[in-house]
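Q: As numbered in the working numbering, residues 358 to 566 make up the sequence shown, in order.
Don't be surprised by glycine CBs; every beta carbon is placed ideally from N, CA and C.
Fair warning: this is a prediction, and the values are worked out from it, not measured in the lab.
Take this structure, written in structure tokens, and hold onto it; I'll ask about it next.
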Amino acid sequence: MKYCVILFTILSSFLGLLFNPETMMASDTVSIQGFDNLGMVETVLPPEPEPEPVVYAEPTTYAIAAPSAGATYEEVARDGISIGGRVIPVYDVDSTEYDAGNSVYRFRKLLYGHNSRAVFGRLSELGVGSTFTITEGGVTHTYVVANVDMYEANYNGEFAKLQKNGSGNYMGGIANRAQGHMLALMTCAGEDLGGGRATHRLVVFADEI
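Written as structure tokens, this is what we have:
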């Protein structure tokens, strides 16, 4: 009888396990109670900084007014030598044997040109103390006349020697040294012999001021 009770008890337990398996399984969820927030520190992240506003420069508007009546404007000087109200272009050459035409040629310290209205026709009006200008590369230099001299032009073939009383040859000294001055201006003078020739040469010596 005792063994029957034990066997029946084991059998009942086995059958209960087969038909009610949940009773022996652990719960899927865990409920934790009884905790409070005392002593807990909440970590608060600082907010992301807002981007700096982009400042755009206001466009600048320029108003160009029309010229008023009677307004004066500075004229940009052309390169060349200005004498008697005319600006004559100046070209560098390597000899005085070239015909300057309607321009002024410069050989070392000597500037020479024809005694025509378009070139050095008014050179004879420059006396000691008179001034004229030469503009080069947009820069204007002012010169004052220091001396005026007249030379004989004595021809030996095509070219003339500059002489005094029929002697000497002053052309080299004038071109190289300008009688100790900064530059010399030369043109025909005296009697016109035709063909671009004349009996004399007028030479004006000047220094920059």
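At the level of alpha carbons, what is the spacing between A517 and A510?
A: Within the sequence shown, residue 517 is the residue found at index 160, counting from 1. Within the sequence shown, residue 510 is the residue found at index 153, counting from 1. So the two alpha carbons sit approximately 5 Å from each other.
Q: According to DSSP, is M543 helix, strand or coil?
A: To locate residue 543, count along the sequence shown from 1; it is residue 186. Here M543 sits in strand by DSSP.
Q: Which same chain residues, not among the five before or five after A383, have their C-beta less than 6 Å away from its C-beta?
A: Here residue 383 corresponds to residue number 26 of the sequence shown, with the count starting at 1. In this predicted model, A383 has a pLDDT of only 45, less than 50, meaning its place in the structure is not dependable enough to derive any value.
Q: Hey, quick one: how far does the alpha helix (DSSP H) through R558 stretch, first residue to last?
A: Translated into the one-based positions of the sequence shown, residue 558 becomes position 201. Unbroken run through R558 is the beta strand (DSSP E), 554-565; no alpha helix (DSSP H).
Q: Nearest by alpha-carbon distance to Y527: which of M543, G495, G437, S460 is it?
A: As a first step, residue 527 must be located in the sequence shown, where it is residue number 170. When each option's Cα is compared against that of Y527, the closest is M543.
Q: Hey, how far is the Cα of G442 from the Cα of G514?
A: Indexing the sequence shown from 1 puts residue 442 at position 85. Indexing the sequence shown from 1 puts residue 514 at position 157. Each residue's Cα considered, the two are about 36 Å apart.
Q: Should V496 be flagged as near chain D, meaning a C-beta pair shorter than 8 Å?
A: Reference to chain D is not applicable here, since this structure consists of a single protein chain.
Q: Which residue's Cα is closest to the Cα of P446: T490, V485, F562, T453?
A: Numbered from 1 along the sequence shown, position 89 holds the residue referred to as residue 446. Ranking T490, V485, F562, T453 by Cα distance to P446 puts T490 first.
Q: Can A555 and E565 be called in contact, C-beta distance under 8 Å?
A: As a working note, residue 555 is residue 198 in the sequence shown. As a working note, residue 565 is residue 208 in the sequence shown. Contact: no.
Q: R443 bridges to which residues according to DSSP?
A: Here residue 443 is taken as the residue at index 86 of the sequence shown, counted from 1. Per DSSP, I440.
Q: Within its chain, find whatever has a CB closer than 7 Å to the CB of A414; leave out the 5 residues flanking it on each side and keep chain order.
A: Reading the sequence shown from its first residue, position 57 is the one you call residue 414. Confidence at A414 is low in this model, with a pLDDT of 42, below 50, so the placement of that residue should be treated as unreliable; the coordinate-derived value is given next. Same-chain partners within the cutoff: there are none.
Q: Going by C-alpha distance, which of Y508, N533, H471, G530 is nearest N522?
A: The residue given as residue 522 occupies position 165 in the sequence shown. Out of Y508, N533, H471, G530, Y508 has the C-alpha closest to the C-alpha of N522.
Q: Which residues in the same chain as A563 place their Cβ atom closer than 8 Å to its Cβ, once the five residues preceding and following it in sequence are excluded?
A: Residue numbering aside, residue 563 sits at position 206 when the sequence shown is read from its first letter. Excluding positions up to five away in sequence, the list reads F489, Y500, V501, V502, A503, H538, M539, L540, A541, L542.
Q: Terminal residues of the continuous beta strand (DSSP E) containing A517?
A: Stepping through the sequence shown from its first residue, residue 517 is reached at position 160. That run of the beta strand (DSSP E) goes 516-520.
Q: Going by Cα to Cα distance, which pick from F464, V444, D449, A532 is closest to G569?
A: A question about residue 569 goes unanswered here, because the residues of the chain that appear run from 358 up to 566.
Q: Closer than 8 Å by C-beta to N533: which residues in its own chain qualify, once you throw out the five before and the five after it? Chain order, please.
A: Taking the sequence shown and counting its residues from 1, one reaches residue 533 at position 176. Contacts found: R465, K466.
Q: Return helix, strand or coil for L550, following the three-state DSSP convention.
A: Residue numbering aside, residue 550 sits at position 193 when the sequence shown is read from its first letter. DSSP places L550 in strand when its eight states are reduced to three.
Q: Which class does A532 belong to by DSSP, given the choice of helix, strand or coil?
A: Translated into the one-based positions of the sequence shown, residue 532 becomes position 175. A532 falls in the helix class under three-state DSSP.
Q: In angstroms, rounded to a whole number, what distance separates the CA positions of G495 and S473?
A: For the purposes of this step, residue 495 is taken as residue 138 along the sequence shown, with counting starting at 1. For the purposes of this step, residue 473 is taken as residue 116 along the sequence shown, with counting starting at 1. Straight-line Cα distance between these residues: approximately 26 Å.
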